[in-house]
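Just remember that the numbering used here sits 16 ahead of the position in the sequence shown, which is counted from 1. We put the beta carbon where it would ideally sit given N, CA and C, even for glycine. Source: prediction; values computed, not measured.
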Amino acid sequence: MSKIMIAFDVETTGKNPDTDQIIEISMCLYDGGQEESYYQLIKPDVPIAKGAQAVHGISIDEVAEMPTFKDVADDIEAFLARAEVFVGYNVRFDIRCVEQEFERLGRTIDLGSKLVVDPFRIWQSLEPRKLTDAYRRFVGGELEDAHSAEADVQAAVEVLRGMRRTFNLEETSWEELAKMTNPDKELWIGPSHQFVWSAGEVVFGFGKYNGRPILEVAARDAGYLGWIQRADFPPHVKSLCKGAASGLSEDDFNSKIIQHYGAPPEK
Numbered sequence: 017m018s019k020i021m022i023a024f025d026v027e028t029t030g031k032n033p034d035t036d037q038i039i040e041i042s043m044c045l046y047d048g049g050q051e052e053s054y055y056q057l058i059k060p061d062v063p064i065a066k067g068a069q070a071v072h073g074i075s076i077d078e079v080a081e082m083p084t085f086k087d088v089a090d091d092i093e094a095f096l097a098r099a100e101v102f103v104g105y106n107v108r109f110d111i112r113c114v115e116q117e118f119e120r121l122g123r124t125i126d127l128g129s130k131l132v133v134d135p136f137r138i139w140q141s142l143e144p145r146k147l148t149d150a151y152r153r154f155v156g157g158e159l160e161d162a163h164s165a166e167a168d169v170q171a172a173v174e175v176l177r178g179m180r181r182t183f184n185l186e187e188t189s190w191e192e193l194a195k196m197t198n199p200d201k202e203l204w205i206g207p208s209h210q211f212v213w214s215a216g217e218v219v220f221g222f223g224k225y226n227g228r229p230i231l232e233v234a235a236r237d238a239g240y241l242g243w244i245q246r247a248d249f250p251p252h253v254k255s256l257c258k259g260a261a262s263g264l265s266e267d268d269f270n271s272k273i274i275q276h277y278g279a280p281p282e283k
């Protein structure tokens, strides 16, 4: 473990590296027995999504007087350039966010030549999640005729039974198991995931504006909502886009959503 390593993490205005921006960055360099840290709050050019703020707790007021990414880009680039290895949990997202920030400045940063070590990906590699792996762990033995539909059906049932025993879920209801399977379903607006509730707002659950409020996108990129209405999306998704593009106030829009699809779940 003699290489120079930098562990780092960023917090952003939302979920999409292409459209959202970094508002907090923390880096720690490890070189033998030496450690050196870098930390900075950053003022973005775009609003902080309510859902993102609910996760990291950083408000726009807290970063209003902070430097922009342009102001600190040289310091960040110089710090990252010293690393031979990047470490972080699901760090590909953080790397992508940094690359996009430099791209917005018309600059490139060479992060691709570094080694990337991600404990999340290592965990996935060491504990695979294929049906054959699940059968081996929760039932015992090897699954015969894997990828035969009949064998896979029976194996899925046996794996579920084994999981319920292993994790003390034998008294857990089907409703609770379904919630574990899809924990965000109660946030869906309509029968699919394309739009969801987040901190009282209707936000995108997919695509390049993932995590951004639909009314914000309607104001900034109405053409995107028009494309959705013409494309192959479920009727309720097209209806939501049409409503968002109609010029309704946020209160009126949300009232219509609640009337048709129900209120957002309580925290």
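According to the Cβ coordinates, are A68 and G227 closer than 8 Å?
Result yes, Cβ atoms of A68 and G227 sit closer than 8 Å.
Is it true that the CB of P63 sits closer than 8 Å to the CB of I74?
No, the pair does not count as a contact, with Cβ atoms beyond the cut-off.
F249 versus G242 - alpha carbon distance:
For F249 and G242, the distance between alpha carbons rounds to 12 Å.
In terms of residue numbering, what span does the beta strand (DSSP E) encompassing A23 cover?
That run of the beta strand (DSSP E) goes 21-28.
Could you say which of M179, T188, A80, D25 lies nearest to D110 if we only look at CA atoms?
Distance from the Cα of D110 is smallest, within the candidate group M179, T188, A80, D25, for D25.
I need the boundaries of the alpha helix (DSSP H) containing F269, first residue and last residue.
Note, F269: alpha helix (DSSP H), 266-277.
For Y151, name the three-state secondary structure that DSSP assigns.
The answer is helix: DSSP assigns Y151 an H, G or I state.
Bridge partner(s) assigned by DSSP for Q56
DSSP, once it has assigned bridges, lists I41 as partnering Q56.
T84 bridges to which residues according to DSSP?
According to DSSP, T84 shares a beta bridge with K59.
Bridge partners of D47, per DSSP?
Under DSSP, D47 forms a beta bridge with Q50.
Any idea which residues DSSP pairs F102 with across the strands?
Bridge partners of F102 according to DSSP: I22, V132.
Residues that V173 bridges to, as DSSP identifies them:
Per DSSP, V173 has no beta-bridge partner at all.
Leaving out five residues before and five after D161 in sequence, what residues of the same chain have Cβ atoms less than 7 Å from its Cβ?
Same-chain partners within the cutoff: A167.
Tell me, please, whether the region 251-264 touches the region 193-212 by the rule of three or more beta-carbon pairs shorter than 8 Å.
Segments in contact, yes.
Looking only at its chain, what residues have a beta carbon closer than 7 Å to the beta carbon of V155, apart from the 5 residues adjacent to it on each side?
Answer for V155: E174, V175, G178, listed in chain order.
Local Cβ density within 10 Å of V114, reported as buried at 16 or more and exposed below that
By the neighbour-count definition (other C-beta atoms within 10 Å, threshold 16), V114 is a buried residue.
Once the 5 residues before and after E217 are set aside, which same chain residues still bring their CB inside 6 Å of it?
A distance below 6 Å between beta-carbons, with the five flanking residues on each side excluded, links E217 to the following residues of its chain, in chain order: K66, P229.
Could you tell me whether the Cβ atoms of P60 and R112 are closer together than 8 Å?
No, these two residues do not count as a Cβ contact at 8 Å.
Pull the bridge partners of S141 from the DSSP assignment, please.
Under DSSP, S141 shares a beta bridge with no residue.
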